[in-house]
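Participant: This is the structure I have questions about; it appears just below.
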Amino acid sequence: MPKVIRINMTDLSVRIDEAPEAWAGLGGRALTSTVVAAEVPPTCHPLGPNNKLVFAPGLLSGTAAGNAGRMSAGAKSPLTGTIKESNAGGTCGRMLGRLDIKAIIIEGQPASTETWYQIRISSEGAVIEPEAETVGMNNFAVLDSVARRYGEDKGVITIGSAGENLMLISNISTRDPEGKLRSFGRGGLGAVMGSKRVKFITIDQEGTRPVPLVDSAAFKAANMVFTKALKDHPVSGQGLPTYGTAVLVNILHEIGGLPTRNFTSGQCEHHDMISGEHMYDTIVARGGEPTHGCSLGCVIQCSQVYNDKDGKYLTSGFEYETIWAYGADCLIDNLDLIAECDNVMDDLGVDSIETPVMFGVAMEAGILKFGDGTEVLRMLREEIGKATPLGRILGAGTAMVGKTYGVARVPVVKGQAIPAYDPRSVKGIGVTYATTTQGADHTAGYAVATNVLNVGGKVDPLSNEGQVELSRNLQIATAAIDSTGLCLFIAFPALDIAECLPATVDMLNARFGTKLTMDDVVGLGKTVLKLEHEFNLAAGIGPEQDRLPEFFELEAIAPHNVKWDMEQKELETFWNF
Amino acid sequence: MLITVKLFATFRENRFKEARREYPPGTTVADVATELEIDHGLIGMIFIHGRAAELDRVLDEGDVLALFPLLGGG
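Same order as they appear, the protein sequences are chains F and A. No gaps in the numbering here: position 351 of the first sequence is 350 in numbering that gives the first Met the number 0, and each next residue is one more. No gaps in the numbering here: position 62 of the second sequence is 61 in numbering that gives the first Met the number 0, and each next residue is one more.
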């Protein structure tokens with residue numbers, strides 16, 4: 000029977016239960032959000048004893064399904080005040096699947112803040128022990144320490160100094176197959192882990208067997224269809240493996256949706272210097288790897304290893320959003336400097352969207368100059384990394400820096416930074432930013448696909464027509480995909496190749512012996528969104544916060560000279576399902 | 000008439016990033032792609048002055064035409 004491990008940090012006890020029957024069809028986001036909605040008082044302080052931090056592998060985690068290496072973390076977010084789910088690749092999801100652990104729920108809080116703890120999970124159960132060696136360390140040093148003490152083969156979930164210091168920009172990091180870092184990036188979940196005084200968690204899969212399949216022949220057959228779809232589609236089969244996600248820089252520049260200089264233009268003059276094409280050429284010239292996976296079993300391989308000019312590792316998992324935010328929003332025209340920022344952010348354990356968007360606002364406030372990547376690096380290391388008073392203000396995120404310095408142009412929804420697509424020129428993604436339960440988040444309903452990339456049909460990005468329906472359908476589908484452990488990028492083939500999504504349902508049925516249909520999976524997505532929405536309403540985050548910042552309505556953006564002009568009433572129809 | 004043609008991703012291989020090129024009046028996007036030996040089936044996105052266009056669109060003097068293969072990210 001699948002297990003649920005409860006770690007009580009108030010009395011330092013461990014309880015292992017059989018997973019309730021009602022959770023049988025839940026994994027990933029569906030499970031983290033179900034637990035948070037059922038067990039966390041919506042009005043609690045996110046850093047107090049009543050919040051819970053929940054980790055859940057997906058329904059297909061641990062199987063041989065292609066691209067099933069994602070796992071979810073959930074809690075009430077200290078950044079947004081909403082429910083939060085954030086997912087990452089790495090090795091832990093697969094290990095938890097093999098250990099038949101449905102969820103790890105960390106609850107309570109030690110009375111004293113003097114002691115930090117480590118948690119070790121294995122087929123024997125879980126132990127909580129005081130931790131001293133890694134306290135104050137950043138993530139790469141934590142990985143080294145854990146590897147030395149407990150072995151190279153362990154899964155690791157960790158926080159850096161930012162999480163220890165309870166910063167709202169902090170994330171939770173996890174070890175990837177090559178001993179580097181992947182992140183549960185958004186919503187300040189590192190601070191939640193820090194508030195429980197947990198420095199790291201290790202996962203040991205020793206002694207586990209392959210995940211049992213009710214019908215292994217059917218599973219294999221469905222996985223072949225699924226994997227073929229991933230390889231056949233031009234986006235997942237060619238574009239992403241070659242150029243990574245940074246290929247979007249030139250596309251968004253071209254259509255005028257690349258937010259530049261703290262969201263004051265839709266185009267960036269030096270776009271080619273920060274483009275996916277330039278990154279690919281640089282990686283190849285320096286002997287890096289343009290094509291690389293964040294987890295075992297990844298077919299798409301959108302990650303990369305980016306080396307410095309001497310051919311030494313600089314960073315990996317170098318994403319469009321990070322490159323956009325430093326490159327265009329902060330006007331840093333040097334990809335090497337941006338790569339170094341990415342590496343330092345991984346080490347400190349801070350969100351690589353929230354942090355650079357915050358710097359864009361800090362630049363507008365005059366704390367540092369637009370384009371000054373050297374000063375960004377110094378501030379990351381010396382201010383945020385050392386939690387100086389200025390570092391704590393910066394570490395509180397985009398909204399807080401805007402408030403502290405009296406900036407009116409602050410790109411956030413529900414306190415979370417708006418990512419790399421301007422909602423004035425890509426209106427479908429504006430609907431997602433405004434309505435998602437997560438605070439501004441492009442992944443929650445990636446309308447860019449249909450507005451710009453011609454995947455899943457075409458909806459004019461500059462018109463309001465059809466955008467609410469598009470965002471709704473994508474948000475429902477995304478909530479379902481986020482529950483399976485599958486990478487969201489399977490949506491590209493799924494939107495265009497008819498056999499792709501049914502194959503994932505076939506894999507679920509072959510794994511569990513169920514008779515789920517596509518309608519059931521869509522139903523799961525709707526259920527997840529609704530319970531998240533109800534949590535937010537009970538937390539005091541109502542429809543008046545389902546909107547974009549006012550400056551998008553006041554300031555037209557170049558080159559199309561467009562404003563955000565969707566009626567609030569129309570936005571509110573989002574929840575009519 | 001003078002048209003600015005911008006190519007991206009794999010379309011740049013053995014071609015160019017950006018060029019100003021002379022075409023006769025009545026030239027369509029498809030004609031430009033054919034002239035550049037770009038398989039029409041590989042074209043994922045067409046933008047003229049940053050707005051989506053189709054293959055049969057007739058170009059005007061001074062148009063800026065961008066051609067991308069099908070790409071994605073996020």
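All C-beta atoms, glycine included, are put in the ideal place defined by N, C-alpha and C. Just so it is clear, the structure is predicted and the values come from calculations on it, not from any experiment.
1. Which bits of chain F does residue 65 of chain A rub up against, with CB to CB less than 7 Å?
2. With the cut-off set at 8 Å, would you say residue 60 of chain F and residue 98 of chain F are in Cβ contact?
3. At 4 residues or longer, what runs of the alpha helix (DSSP H) sit wholly inside the segment 44-114 of chain F?
4. Please determine, among F:174, F:40, F:291, the residue with the shortest C-alpha to C-alpha distance to residue 154 of chain F.
5. Given residue 62 of chain A, which residues of its chain have a CB within under 6 Å of its CB, disregarding the five upstream and five downstream residues?
6. Is the segment 339-356 of chain F in contact with the segment 283-300 of chain F, if contact means three or more CB pairs nearer than 8 Å?
7. Give me the Cα-Cα distance between residue 511 of chain F and residue 478 of chain F, rounded to the nearest whole angstrom.
8. Taking a Cβ distance cut-off of 8 Å, strictly less, list which residues of the segment 478-498 of chain F are near chain A, in chain order.
9. List, from N- to C-terminal side, the beta strand (DSSP E) runs of 3 residues or more that fit wholly inside the segment 337-392 of chain F.
10. Verify the CB distance criterion: does residue 404 of chain F have a CB-CB separation below 8 Å to chain A?
11. Return the CA-CA distance between residue 523 of chain F and residue 444 of chain F, expressed in angstroms with no decimal places.
12. Starting from the beta carbon of residue 71 of chain A, find every residue of chain F whose beta carbon is closer than 7 Å, and list them in chain order.
13. Which residue wins for smallest C-alpha separation from residue 268 of chain F, given the options F:425, F:257, F:297, F:80?
14. Would residue 19 of chain A pass as an interface residue toward chain F - the criterion being a Cβ-Cβ separation below 8 Å?
15. Spell out whether any CB of chain F is found under 8 Å from the CB atom of residue 8 of chain A.
16. At the level of alpha carbons, what is the spacing between residue 81 of chain F and residue 75 of chain F?
17. 8 Å is my cut-off, CB to CB: does residue 242 of chain F come that close to chain A?
18. Could you spell out where the alpha helix (DSSP H) holding residue 31 of chain F opens and where it closes?
19. At a CB-CB cut-off below 8 Å, which residues of chain A make contact with residue 319 of chain F?
20. Could you say if the segment 248-262 of chain F and the segment 225-240 of chain F meet the contact criterion of at least three C-beta pairs nearer than 8 Å?
21. Thinking C-beta only, is residue 384 of chain F closer than 8 Å to residue 577 of chain F?
22. Going along chain F, which residues have a C-beta under 8 Å from residue 46 of chain A?
23. Return helix, strand or coil for residue 550 of chain F, following the three-state DSSP convention.
24. May I have the straight-line CA-CA distance separating residue 482 of chain F from residue 514 of chain F, to the nearest angstrom?
25. When the distance is taken between beta carbons, is residue 105 of chain F closer than 8 Å to residue 254 of chain F?
26. For residue 570 of chain F, go through chain A and note every residue whose CB falls closer than 9 Å to its CB, in chain order.
27. Let me know the secondary structure DSSP gives residue 6 of chain F once reduced to three states.
28. Measuring straight from C-alpha to C-alpha, what distance separates residue 353 of chain F and residue 78 of chain F?
29. Near residue 207 of chain F, which residues of its chain fall below 7 Å by C-beta distance, leaving aside the five closest residues on each side in sequence?
30. For residue 412 of chain F, list the residues DSSP reports as bridge partners.
31. Would residue 413 of chain F be called buried (16 or more neighbouring beta carbons within 10 Å of its own) or exposed?
32. Taking its Cβ as the centre, do 16 or more other Cβ atoms sit within 10 Å of residue 578 of chain F, making it buried, or is it exposed?
33. Which stretch, first to last residue, makes up the beta strand (DSSP E) that contains residue 162 of chain F?
34. Suppose you measure from the CA of residue 34 of chain F to the CA of residue 23 of chain F; what does that come to, to the nearest Å?
35. For the alpha helix (DSSP H) containing residue 144 of chain F, list its first residue and its last residue.
36. I'd like to check one pair, residue 163 of chain F with residue 144 of chain F: are the Cβ atoms closer than 8 Å?
Facilitator: Taking the definition as stated:
1. 253
2. no
3. 91-97
4. F:174
5. 2, 47
6. no
7. 20 Å
8. 487, 488, 491
9. none
10. no
11. 16 Å
12. Simply 234, 238, 239, 448, 452, 454, 491.
13. Distance from the Cα of residue 268 of chain F is smallest, within the candidate group F:425, F:257, F:297, F:80, for F:257.
14. no
15. yes
16. Spanning the two alpha carbons is a distance of roughly 6 Å.
17. yes
18. From DSSP, the alpha helix (DSSP H) with residue 31 of chain F extends over 27-38.
19. 72, 73
20. Pairwise C-beta distances place the segment 248-262 of chain F out of contact with the segment 225-240 of chain F, as fewer than three of them are shorter than 8 Å.
21. No information on residue 577 of chain F is available, as it lies outside the stretch 0 to 576 that chain F covers here.
22. Result: 253, 254.
23. helix
24. 17 Å
25. no
26. Here the premise fails: no neighbours, minimum Cβ distance about 22 Å.
27. Collapsing the DSSP output to three states places residue 6 of chain F in a strand.
28. 10 Å
29. For residue 207 of chain F, same chain residues with a beta-carbon under 7 Å away, outside a window of 5 residues either side, are 97, 98, 122 in chain order.
30. F:415
31. buried
32. In the structure as shown, chain F begins at 0 and stops at 576. Residue 578 of chain F is therefore absent and cannot be evaluated.
33. Counting along the chain, residue 162 of chain F falls outside any beta strand (DSSP E), though it belongs to the alpha helix (DSSP H) covering 160-163.
34. 13 Å
35. 138-149
36. No, the pair does not count as a contact, with Cβ atoms beyond the cut-off.
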